[in-house]
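Residue numbers (the numbering used here): 85 to 190.
Beta carbons are placed, not taken as given, at the ideal position from N, Cα and C, and that holds for glycine.
Keep in mind it's a predicted model, so treat the numbers as computed, not measured.
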Amino acid sequence: VADKVWGRTALHVAALEGQAQVAELLLGSGAETEAQAFDGSTSLHLAAAHGHASAAAALLAGGAGTEAQASWGSSALHVACWHGAADVIALLLNSRADVNAVPADG
Numbered sequence: 085v086a087d088k089v090w091g092r093t094a095l096h097v098a099a100l101e102g103q104a105q106v107a108e109l110l111l112g113s114g115a116e117t118e119a120q121a122f123d124g125s126t127s128l129h130l131a132a133a134h135g136h137a138s139a140a141a142a143l144l145a146g147g148a149g150t151e152a153q154a155s156w157g158s159s160a161l162h163v164a165c166w167h168g169a170a171d172v173i174a175l176l177l178n179s180r181a182d183v184n185a186v187p188a189d190g
């Protein structure tokens with residue numbers, strides 16, 4: 085169930101707060117890795133934006149895709165690069181994120 089303000093699921097919140105163990109529990113209970121908040125962000129976008137490598141690793145291990153684009157057109161790799169989240173960038177590259185992807189907004 086998503087919250088009514090941001091449209092975030094519990095998995096979004098766990099990723100936002102860097103709670104890798106909570107994310108693992110939620111994923112084990114069937115949480116959707118590709119659920120999008122109102123702005124189109126996935127849980128992986130939020131982990132990337134805040135540099136939460138352990139949460140990002142849990143999401144990737146749970147099947148999160150690397151290519152989802154938020155409503156502003158950016159992938160988790162773009163977001164991690166904007167925020168200088170080197171550990172998350174390394175995880176995404178190891179998961180074969182597309183380094184040549186162009187955001188939808190150019």
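So the candidates are the options; which of them puts its Cα closest to the Cα of residue i?
| i | options | result |
| --- | --- | --- |
| L111 | A133, A145, L161 and R180 | A145 |
| L175 | G135, A185 and V186 | G135 |
| V172 | A94, A86 and A99 | A99 |
| L143 | A86, D87, A94 and V89 | A94 |
Sorted by chain position, which residues of the same chain lie with C-beta nearer than 7 Å to residue i's C-beta, five sequence neighbours on each side aside?
| i | result |
| --- | --- |
| G91 | A121 and F122 |
| A137 | D171, V172 and L175 |
| A169 | A132 and G135 |
| H140 | Residue 140 is actually Ala in this sequence, not His. If we look at A140 and ignore the five residues flanking it on each side, its Cβ neighbours are L128, A131, A132, V172 and L175. |
How many Å lie between residue i and residue j at the Cα?
| i | j | result |
| --- | --- | --- |
| S125 | G102 | 16 Å |
| R180 | K88 | 33 Å |
| V183 | L177 | 8 Å |
| G114 | W166 | 30 Å |
| A185 | A86 | 29 Å |
Among residues of its own chain, excluding the 5 on either side of residue i, which ones have a beta-carbon nearer than 6 Å to its beta-carbon?
| i | result |
| --- | --- |
| V163 | H129, A132 and A133 |
| R148 | Reading off the sequence shown, one finds Ala at residue 148, where the question assumed Arg. Excluding sequence neighbours, A148 sits near T117 and L128. |
Short of 8 Å in beta carbon distance, which residues of its chain neighbour residue i, apart from the five on each side in sequence? Order them along the chain.
| i | result |
| --- | --- |
| P187 | Q153, W156, G157, S158, S159 and H162 |
| T150 | L128, L144, S159, A160, L161, L176, S179, R180, A181 and D182 |
Cβ pair count under 8 Å reaching 3, the segment 154-163 against the segment 102-109: No, because fewer than three Cβ pairs between the segment 154-163 and the segment 102-109 fall closer than 8 Å, the two stretches do not touch.
Length at least 4, wholly inside the segment 105-190: the alpha helix (DSSP H) runs in chain order: Runs found: 127-133, 137-145, 160-166 and 170-178.
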